[in-house]
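Below is one structure, written out as structure tokens, with a few remarks after it.
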Amino acid sequence: QAGSISAEATASSLKDSEPENNQCSLHPFQVSFRQLGWDHWIIAPSFYTPNYCKGTCLRVLRGDLNSPNHAIVQNLVNQLVDSSVPRPSCVPYKYVPISVLLIEANGSILYKEYEGMIAESCTCR
Amino acid sequence: EGGQSSIFLPAEAPTLPLIQELLEESPGEQSRKPRLLGHSLRYMLELYQRSADSHGHPRENRTIGATMVRLVKPLTNVAKPRRGTWHIQILGFPLRPNRGLYQLVRATVVYRHHLQLTGFNLSCHVEPWAQKSPTKHLPSSEGGSSKPSLMSNAWKEMDITQHVQQRFWNNKRQRILRLRFMCWQQKDSVGLELWRGTSSLDIAFLLLYFNDTHKSIQKAKLLPMGMEEIMERESPLLRRTR
Chain A
47 QAGSISAEAT ASSLKDSEPE NNQCSLHPFQ VSFRQLGWDH WIIAPSFYTP NYCKGTCLRV
107 LRGDLNSPNH AIVQNLVNQL VDSSVPRPSC VPYKYVPISV LLIEANGSIL YKEYEGMIAE
167 SCTCR
Chain B
664 EGGQSSIFLP AEAPTLPLIQ ELLEESPGEQ SRKPRLLGHS LRYMLELYQR SADSHGHPRE
724 NRTIGATMVR LVKPLTNVAK PRRGTWHIQI LGFPLRPNRG LYQLVRATVV YRHHLQLTGF
784 NLSCHVEPWA QKSPTKHLPS SEGGSSKPSL MSNAWKEMDI TQHVQQRFWN NKRQRILRLR
844 FMCWQQKDSV GLELWRGTSS LDIAFLLLYF NDTHKSIQKA KLLPMGMEEI MERESPLLRR
904 TR
């Protein structure tokens with residue numbers, strides 16, 4: 047059974063080719079807090095680069111995507127069992143923080159490090 | 664503004680700590696960042712530049728020792744009757760109730776050590792003040808203060824961590840931390856009116872250093888009821904989003 051499943055999966059994956067630049071990857075993106083409508087309380091920084099993840103998650107997931115085993119299984123379920131179960135999505139894997147300087151409603155000034163503000167890498171899950 | 668789409672917060676999405684805090688603490692659209700750089704804003708900008716790069720990435724060699732620093736300006740300023748050559752103001756700093764989200768690691772007061780009023784020099788210092796125990800004597804030394812690294816020689820910084828932690832930090836209600844700002848003049852020439860005209864915003868500010876607790880980190884993973892509360896509160900940000 048394992049052999050037949052493996053053969054089916056391999057055959058399908060050969061058809062599942064995607065140009066490398068369309069595959070799941072990290073894309074740089076910079077925003078200003080003015081664009082977000084937060085510039086009247088965020089003093090610094092003026093800009094920040096949250097980045098985003100975008101692209102196709104192939105049926106055979108690349109090792110550098112750090113996908114959990116569940117993503118591999120979900121791919122197989124979609125392909126072999128039930129196509130209504132979606133394939134894994136390209137989403138951020140690791141995040142890094144940024145430091146922000148804010149002015150609060152009562153006039154206090156706040157320096158704060160916020161976790162999870164910038165996507166550093168992507169995964170399929 | 665002008666039809667430009669703003670932030671959409673779907674009802675079922677967990678509220679990010681940043682967004683929730685900003686919704687709670689936002690000064691409102693009509694408020695604008697101060698145009699003139701007072702000492703307090705200058706201090707925090709220097710602190711920010713030392714702790715993060717231009718993109719907002721925390722510097723690896725930062726020495727701030729905390730993940731959050733709040734600069735609190737005095738809310739109240741009461742000038743006391745002059746005692747000899749001593750001029751005294753009681754400064755009141757509002758302290759937020761402790762909800763267990765952050766651990767206070769350090770509290771200091773940065774104050775004007777040398778004050779100039781129309782050419783007359785005054786030497787000043789700060790000490791904690793308690794209404795029920797007025798001191799009859801006036802201190803003669805300024806032990807415990809040092810020059811803050813981000814300010815000129817006219818300023819000094821005094822550690823009051825123990826005082827704040829013992830008296831205020833475990834209190835669930837908002838309290839006022841009162842400090843006595845005392846200045847000594849050499850010549851008996853500075854009138855009370857001149858002294859009263861001294862803006863409390865320019866003579867002292869409080870610095871509170873915090874680290875995240877397990878609760879504050881965990882809060883990011885909770886599914887608020889946060890979202891329903893925000894929708895019900897009709898916050899200005901969401902009103903604008905609609």
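Taken in sequence, the protein lines are chains A and B.
Quick note: the first sequence uses this note's numbering, first residue 47, plus one each step.
Quick note: the second sequence uses this note's numbering, first residue 664, plus one each step.
All C-beta atoms in this analysis are idealised placements derived from N, C-alpha and C, irrespective of residue type, glycine included.
Based on DSSP bridge pairs, tell me the residues matched to I155 of chain A. Within the first sequence, residue 155 of chain A is the residue found at index 109, counting from 1. Its beta-bridge partners are A:I149, B:L734.
Identify which residue in B:M845, B:S812, B:I751 has its Cα closest to the Cα of Y706 of chain B. Sequence index remark: in the second sequence, residue 706 of chain B carries index 43 (1-based). When each option's Cα is compared against that of Y706 of chain B, the closest is B:S812.
Taking Cβ positions only, does H750 of chain B come closer than 8 Å to chain A? For the purposes of this step, residue 750 of chain B is taken as residue 87 along the second sequence, with counting starting at 1. Taking CB atoms only, H750 of chain B has no neighbour in chain A less than 8 Å away.
May I have the straight-line CA-CA distance separating S717 of chain B from L708 of chain B, to the nearest angstrom? Position 54 of the second sequence holds residue 717 of chain B. Position 45 of the second sequence holds residue 708 of chain B. In a straight line, the C-alpha of S717 of chain B is about 12 Å away from that of L708 of chain B.
Distance between E161 of chain A and P797 of chain B (C-alpha atoms, nearest Å): Counting from 1 along the second sequence, the entry for residue 797 of chain B is found at position 134. Counting from 1 along the first sequence, the entry for residue 161 of chain A is found at position 115. With a pLDDT of 49 at P797 of chain B, under the threshold of 50, the modelled position of that residue is not reliable, and the figure given next carries that caveat. Those two C-alpha atoms are separated by around 45 Å.
Tell me whether the beta-carbon of C168 of chain A lies closer than 8 Å to the beta-carbon of V146 of chain A. Taking the first sequence and counting its residues from 1, one reaches residue 168 of chain A at position 122. Taking the first sequence and counting its residues from 1, one reaches residue 146 of chain A at position 100. No, the Cβ-Cβ distance between C168 of chain A and V146 of chain A is not below 8 Å.
Tell me whether the segment 96 to 111 of chain A and the segment 726 to 746 of chain B touch, counting them as touching only if at least three CB pairs, one residue from each stretch, are closer than 8 Å. Taking a cut-off of 8 Å for Cβ pairs, the segment 96 to 111 of chain A and the segment 726 to 746 of chain B do not touch, as fewer than three such pairs fall below it.
Classify E166 of chain A: buried if its beta carbon has 16 or more other beta carbons within 10 angstroms, exposed otherwise. The residue you call residue 166 of chain A lines up with position 120 of the first sequence. When all chains shown are included, E166 of chain A counts as exposed.
Using the Cα positions of E159 of chain A and P721 of chain B, report the straight-line distance between them to the nearest angstrom. Counted from its first residue, the first sequence places residue 159 of chain A at position 113. Counted from its first residue, the second sequence places residue 721 of chain B at position 58. Taking the straight line joining both Cα atoms gives about 8 Å.
Let me know the alpha helix (DSSP H) ranges lying completely inside the segment 700 to 775 of chain B, each 4 residues or longer, listed in chain order. Runs of the alpha helix (DSSP H) inside the segment 700 to 775 of chain B: 702 to 714.
Quick check on V735 of chain B: buried or exposed, where buried means 16 or more other Cβ atoms within 10 Å of its Cβ? Residue mapping note: residue 735 of chain B aligns to position 72 of the second sequence, counting from 1. V735 of chain B counts as buried, since at least 16 other C-beta atoms from the protein chains shown sit within 10 angstroms of its C-beta.
Going by C-alpha to C-alpha distance, which of B:F844, B:R775, B:Q825, B:A867 sits closest to N816 of chain B? Position 153 of the second sequence holds residue 816 of chain B. Closest option to N816 of chain B, judged by alpha-carbon separation, among B:F844, B:R775, B:Q825, B:A867: B:R775.
May I ask which residues mark the beginning and end of the beta strand (DSSP E) holding R841 of chain B? Here the question's residue 841 of chain B lines up with position 178 in the second sequence. Note, R841 of chain B: beta strand (DSSP E), 838 to 848.
Exposed or buried, which one is Y189 of chain A when buried takes at least 16 other CB atoms within 10 Å? The requested residue 189 of chain A is not part of the displayed model; chain A covers only 47 to 171.
G153 of chain A touches chain B at which residues, Cβ-Cβ below 7 Å? Translated into the one-based positions of the first sequence, residue 153 of chain A becomes position 107. Per Cβ cutoff of 7 Å: K736.
Using a Cβ cut-off of 8 Å (strictly closer), state whether A90 of chain A contacts chain B. As a first step, residue 90 of chain A is located in the first sequence; it is residue number 44 there, counting from the start. At least one chain B Cβ lies under 8 Å of A90 of chain A.
Provide the residue span of the alpha helix (DSSP H) that contains N874 of chain B, from first to last. By 1-based counting over the second sequence, the position of residue 874 of chain B is 211. Taken as a continuous stretch (DSSP letters only), N874 of chain B belongs to no alpha helix (DSSP H), being part of the beta strand (DSSP E) at 867 to 875.
Determine, using beta carbons only, whether R698 of chain B comes closer than 8 Å to chain A. Position 35 of the second sequence, counted from the first residue, corresponds to residue 698 of chain B. Note that R698 of chain B scores a pLDDT of 48, beneath 50, so its modelled location is shaky; the value from the coordinates is reported in the next line. The beta carbon of R698 of chain B sits no closer than 8 Å to any beta carbon of chain A.
Just to make sure I have the definition right: I need the residues of chain A whose C-beta is within less than 7 Å of the C-beta of R733 of chain B. Which are they? Locating residue 733 of chain B in the second sequence gives position 70, where the first residue counts as 1. By Cβ distance, chain A contributes S154, L156.
Cβ atoms of Y98 of chain A and H116 of chain A: under 8 Å apart, would you say? Against the first sequence, residue 116 of chain A aligns to sequence position 70. Against the first sequence, residue 98 of chain A aligns to sequence position 52. Taking 8 Å as the Cβ cut-off, H116 of chain A and Y98 of chain A do not qualify as a contacting pair.
For P697 of chain B, which residues of its own chain have a beta-carbon under 7 Å away from its beta-carbon, when the five flanking residues on both sides are left out? Mapped onto the second sequence, residue 697 of chain B falls at position 34. Confidence is the limiting factor: at P697 of chain B the pLDDT is only 49, short of 50, which leaves the residue's position unreliable, though a coordinate-based value still follows. The answer, listed in chain order, is L704.
By the 10 Å Cβ neighbour count, where 16 or more other Cβ atoms means buried, how is R695 of chain B classified, buried or exposed? For this step, residue 695 of chain B is matched to residue 32 along the second sequence. Because the pLDDT of R695 of chain B is 48, which lies under 50, any placement of that residue in the model is unreliable, and the number read from its coordinates should be weighed accordingly. Residue environment analysis places R695 of chain B among the exposed positions, since fewer than 16 neighbouring C-beta atoms fall within 10 angstroms of its C-beta.
DSSP state of H86 of chain A, grouped into three classes? Residue numbering aside, residue 86 of chain A sits at position 40 when the first sequence is read from its first letter. Residue state, collapsed to three classes: coil.
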